[in-house]
Amino acid sequence: MRPIDETCYWLAHLPRHEPRPLAGPADHDVAVVGGGLTGLWTALFLKELDPARDVAVVEQGMAAWGASGRNAGMLAETIDHTHGLAIQHFGRAEAARLAVLGEQNARELTDFIRDRDLRCDYEPTGRFMASFTEAHLVEAQRNVDIARSLGIDSHRLLSREEMQAEVHSPLYLGGLEVRGGGIMDPARFTDGLRREAERLGVRVYERTRVDRLVEDGAGVRLDANGTALRARRAVLATSAYTHHLLPRVRHRFIPLYDYIMVSEPLTPAQWEAIGWRGRQGITDGRTFFNYYRPTADGRVLWGTSEATYYRGNRVDESCDHSQRHSDALRASWRRTFPQVADLEWPYAWGGPICSTTRLTPFFGRALGARAWYGLGFTGHGLGSTRLAGRILAHLVLERPSDLLSLSLVTKPPFPYPPEPLRGWAVDAVTRDLRRVDQGQAPSALLRLLEKLGIGFSS
Ligand SMILES: Cc1cc2nc3c(=O)[nH]c(=O)nc-3n(C[C@H](O)[C@H](O)[C@H](O)COP(=O)(O)OP(=O)(O)OC[C@H]3O[C@@H](n4cnc5c(N)ncnc54)[C@H](O)[C@@H]3O)c2cc1C
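Residues in the sequence shown are numbered consecutively from 705, following the working numbering.
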């Protein structure tokens, strides 16, 4: 099997640097496990709150080799999954607060990219949600109405003609346009945060897998690379891998694999046939939707949210590739853009997503408040991990912040069942959701889950 840094388009094009693994005993004030977006933002906010603080990031692979460097690079302006779901879980006032926070977070994130000159091909394109059916159009209008009711005016319904004028697909009956956010190269972005953290004095240990995290007097000890790193506090920014170090958290989340392909560069005539001059990130209105965007060098990235749960909460390299998903992705591309059906797709890969029943992150502590964690970003983590890093930094340093009163910080999500029930439940819900996407009415199981606001999705 080819390694992820060859099959993932972003990682294959990421300039290489020499890793500096943990090679002997070390001491730091705060040790952050995980060199993805959550871990690196946490390190950066720790430095912002206290520049003298001695912070280390410990990453088993290289920075950006988890979901952070493998994702579609579509930055949304939201923290919640949908504003409607946020109202259902947290109430209208808090949903409004989250919506404003989401827009502010995306703005600050892109300011950071500009101010620090992080070269990650960011383009402020906004996004579309394409409607394939009348039901999708009704849902799109509902999204506009809900956003307006929360004071958000960035959503607009597009007619068939307006949508077709932007992007030419025979499947589009209309769509939803959302201003804010855009597209970027996520691996360069994450690696840019790594460089920025190192510039501020954060010690980043790559190729350093933490095997165990235990209490050590008033602090913690991380066993890694046959040696030990001691710290006063630890942060687990390990997303879908968190159960490897902290098994008791696994009932609060589910690790899912999403899959993506990237094409050869399209010719000018092929681009002309699709349109898409605004280069927006696009999803569609189905439960298991495709997500897609152009790359800076004129390719198409084409992904699917029909995620796979591997029994026993498996998260390792054996899940990085799926022929079944590649075949389904090729077929869905041909259906959506038949005018350029015959594209070659030299890059195909998967990555682990950490989902919760409420489809928003959660936070907690372990080892007698010596360790903190924040995870569950679903498929929106490119933006929301920044807010999580800010929250985690305040929690670890015990600094006050308005953010700590958010329900997603104070309340854990409804738990998932344990195995073997977990695997059966995922299979049953997946089967029923596929039927809805084929036009059937939601099953009794789906209606019950919807009433409870419980999701099984990436
Ligand atoms: C295919 C795919 C497409 C996506 N598309 C989008 C998108 O377009 N927009 C969007 O907003 N979000 C998207 N996401 C979601 C987004 O990528 C994630 O929510 C986000 O990257 C999570 O960041 P993280 O730092 O918490 O996790 P990760 O990036 O997974 O980082 C966790 C890190 O911890 C390390 N680690 C784990 N265990 C250990 C250990 N024991 N010792 C040392 N290190 C360890 C891992 O190697 C990993 O690097 C997508 C995700 C995937 C997989």
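Idealized CB from N, CA, C, for every residue including glycine.
On a predicted model such as this, the values are computed, not experimentally measured, just so you know.
What are the partner residues of residue i, as DSSP defines its beta bridges?
i        : result
Trp-1076 : Val-939 and Arg-1069
His-859  : Val-882
Pro-1124 : For Pro-1124, which the question treats as bridged, DSSP gives no partner whatsoever.
Gly-979  : Val-871
Ala-928  : Val-914 and Thr-931
Arg-907  : Ala-760
Met-778  : Ile-887
Gly-985  : Arg-831
Glu-752  : Paired residues: none, contrary to the question.
Glu-919  : Val-924
Gly-743  : DSSP output for Gly-743 lists no bridge partner at all.
Thr-1082 : In DSSP, Thr-1082 forms no bridge with anything.
Pro-959  : Cys-1058
Trp-1006 : Met-965 and Tyr-996
Thr-1012 : Tyr-961
With residue i as the anchor, note down where its beta strand (DSSP E) starts and where it stops.
i        : result
His-732  : 730–737
Asn-994  : 994–998
Met-766  : Neither: Met-766 is in no beta strand (DSSP E) and is coded neither H nor E.
Arg-801  : Note, Arg-801: premise wrong, no beta strand (DSSP E); alpha helix (DSSP H) at 796–819.
Arg-831  : 831–835
Ile-1057 : 1051–1059
Val-693  : Outside the shown range of the chain, which is 705 to 1162, sits residue 693, and nothing can be said about it.
In terms of residue numbering, what span does the alpha helix (DSSP H) encompassing residue i cover?
i        : result
Ser-1088 : 1085–1101
Thr-711  : 708–711
Met-867  : 864–870
Asn-786  : Before going further, note that residue 786 is Thr rather than Asn in the sequence given. That residue, Thr-786, is in no alpha helix (DSSP H); it is neither H nor E in DSSP.
Val-848  : 838–853
Arg-952  : Arg-952 -> no alpha helix (DSSP H), and no H or E assigned at all.
Ser-1111 : 1111–1114
Leu-1149 : 1148–1156
Please find out if some non-hydrogen atom of ligand 1 comes closer than 7 Å to the beta-carbon of residue i.
i        : result
Phe-749  : no
Gly-1087 : yes
Gly-886  : no
Pro-1056 : yes
Glu-1021 : no
Ser-772  : yes
Val-1164 : Here the chain covers residues 705 to 1162 and nothing more, so residue 1164 does not appear.
Arg-913  : yes
Met-867  : no
Met-833  : no
Asn-775  : yes
Val-966  : no
Leu-1079 : yes
Glu-763  : yes
Ala-1052 : no
Leu-726  : no
Trp-769  : yes
Ser-943  : yes
Asp-889  : no
Tyr-995  : yes
His-947  : no
Ala-780  : yes
Relative to the C-alpha of residue i, which residue among the options is closest?
i        : options                                  : result
Glu-910  : Val-737, Ala-938, Ala-810 and Val-966    : Val-737
Asp-821  : Glu-865, Arg-899, Glu-807 and Thr-829    : Arg-899
Asn-775  : Glu-902, Ala-797, Gly-1083 and Arg-864   : Gly-1083
Arg-892  : Lys-751, Tyr-713, Leu-1110 and His-947   : Tyr-713
Thr-894  : His-948, Arg-1090, Val-1133 and Arg-801  : Arg-1090
Asn-1017 : Arg-1062, His-947 and Ala-941            : His-947
Val-908  : Leu-1112, Ala-1132, Ala-727 and Leu-1110 : Ala-727
Arg-1135 : Ser-1147, Pro-951 and Ala-756            : Ser-1147
Ser-1026 : Glu-1048, Gly-989, Tyr-961 and Leu-802   : Tyr-961
Ala-869  : Glu-976, Ser-943 and Ala-768             : Glu-976
Val-1044 : His-1098, Pro-969 and Ala-922            : Pro-969
Arg-954  : Tyr-1077, Asn-994 and Ala-760            : Tyr-1077
Ser-1036 : Ala-839, Ala-756, Ser-873 and Arg-823    : Ser-873
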